[in-house]
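Our numbering puts the first residue of the sequence shown at 1258, with every later residue one more than the last.
Backbone N, C-alpha and C fix where the C-beta goes; we use that ideal spot for every residue, glycine too.
Report on one structure; see the data block that follows.
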Amino acid sequence: MSGRFARLYQESEASVNHESVYLYQKLAADRVNIVFLSLDFLRNPRQITCMVAPGAAPAAAGQDHDQGAAGLVSLFPHRFDPAVMAVVFTALGQRQIPWYAVASSGSMLTVVTDFAVQQQAAEALAEYVQLPSGHGPLRVQQDYDDISRRLKSAPETVAQYVEARIRTYGIAVKTGLKLCRVQFYSHEQVLLARALEGLAGEKAGFAYICANRAPDGHGYVAVVLDPGQPPADAPDIAAYLPPALCSSRLEIRENVEMLCFHGPHFGDRYGIADKALNCLENAGIPVWLAGCVGATVSIIVPPGMAEPGVEALSTTFDRP
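As structure tokens, then:
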């Protein structure tokens, strides 16, 4: 469980002559760190959810975008198992606990909730997973040494800067992925959980998962399957969904590709998402989905766009 953050939300109409400024661009201009980002540009209007420090929200994005105090609950390691997302839908759906966004990194699946129900959400999820006996508290408290206490100041752990060329530990590319995207309502979360459990039963793995949910309960979940085989032969989520969710609310895209990278202090530095997404936009590479969770940036692009994407990112990001 995280501490208290502010949840910022933006919807933006997609158009050829798009002139509005995206939320992550505003935050970068105001030197505000993004600790969580989920972006869905397959929706119209396009949707962006960000989590930032509470005091940064109004100045950065305007009070109309500030959705109030929120918290993060992360499950790890997810081992790229769709059943982990099934836990989120089952635990929070059965208890009717509100949540707003979900996105994955290479190791974590992170859920955005209201801060007021964060503890309740974490306890609900914990009922469905096997925690180590000595896992410790769900919210880790900072414990500074005696010198820091006497100085009444915390050690510097946030990197408030951005490099001209940003270091990474490498940029990974995944191809031949299968994107399954489902529109749903709150009362259908348990049905989605069963479908994800069915995929897990077929040993299907995911490369990226994200979901978003509006206050009225309407939302989308996107599962980017990494089958390790031709996408056409991959397990089909439609086989596990009721007809109502398959007819007009299921979208399948074959051979999608993914760019994924991480680097030092990515979750504590402003401008990382802005620079990455702007590199791709300037190169004419469409972004369908993106997430920044912890220190990891994940970007889903159309077929044939990942390798050009690496070249575009290399203008700003260093690769070892």
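Report the residue from Q1353, S1295, Q1304 and F1337 whose alpha carbon sits nearest the alpha carbon of L1329. Put simply, of Q1353, S1295, Q1304 and F1337 the residue whose alpha carbon is nearest the alpha carbon of L1329 is S1295.
Delimiting residues of the beta strand (DSSP E) encompassing Q1440: I1428 to F1441 is the span of the beta strand (DSSP E), which, as asked, contains Q1440.
Classify N1469 as helix, strand or coil using the three-state DSSP reduction. Under the three-state reduction of DSSP output, N1469 falls in the strand class.
Restricting to runs no shorter than 3 residues, where is the beta strand (DSSP E) found entirely within the region 1335-1364? Listed in chain order, the beta strand (DSSP E) runs fully inside the region 1335-1364 are 1358-1361, counting runs of at least 3 residues.
Using the C-alpha atoms, what's the distance from A1496 back to A1310? Per the coordinates, the alpha-carbon of A1310 lies some 42 Å from the alpha-carbon of A1496.
Just the C-alpha distance for G1520 and A1501, rounded to the nearest angstrom, thanks. Taking the straight line joining both Cα atoms gives about 42 Å.
Name the residue from I1291, G1455 and S1362 whose alpha carbon lies nearest to the alpha carbon of H1335. The option with the nearest alpha carbon to H1335 is S1362.
Range covered by the alpha helix (DSSP H) that runs through R1300: R1300 -> no alpha helix (DSSP H), and no H or E assigned at all.
Quick check: what's the CA-CA separation for V1550 versus S1504? Those two C-alpha atoms are separated by around 32 Å.
Given that a residue counts as buried once 16 or more other Cβ atoms are within 10 Å of its Cβ, and exposed if not, what is G1566? Taking every protein chain shown into account, the CB of G1566 has 16 or more other CB atoms within 10 angstroms, so this residue is buried.
Going by CA-CA distance only, name the one from V1513, E1568 and G1433 that's closest to V1544. Nearest to V1544 by alpha-carbon distance, out of V1513, E1568 and G1433, is V1513.
Go to D1531, then tell me how far its alpha helix (DSSP H) extends in each direction, as first and last residue. Counting along the chain, the alpha helix (DSSP H) containing D1531 begins and ends at I1529 to N1539.
Strictly by DSSP, which residues pair up with R1510? Answer is L1436, bridged to R1510.
Return the chain-ordered list of same chain residues with a C-beta closer than 7 Å to the C-beta of I1542, the five sequence neighbours on each side being excluded. Sequence-distant partners of I1542 (beyond 5 residues in either direction) whose C-beta falls short of 7 Å from its own C-beta, in its chain, are V1558, M1562, P1565, G1566 and A1569.
Which of the three DSSP states, helix, strand or coil, is assigned to T1572? Coil.
Is the beta carbon of I1305 sitting closer than 7 Å to the one on Q1353? No; because the gap between Cβ atoms is not below 7 Å, this pair is not in contact.
Which value, in whole angstroms, describes the spacing of the CA atoms of A1373 and G1260? One alpha carbon belongs to A1373, the other to G1260, and they sit about 11 Å apart.
For V1330, which of helix, strand or coil comes out of DSSP? Of the three classes helix, strand and coil, the one that applies to V1330 here is strand, per DSSP.
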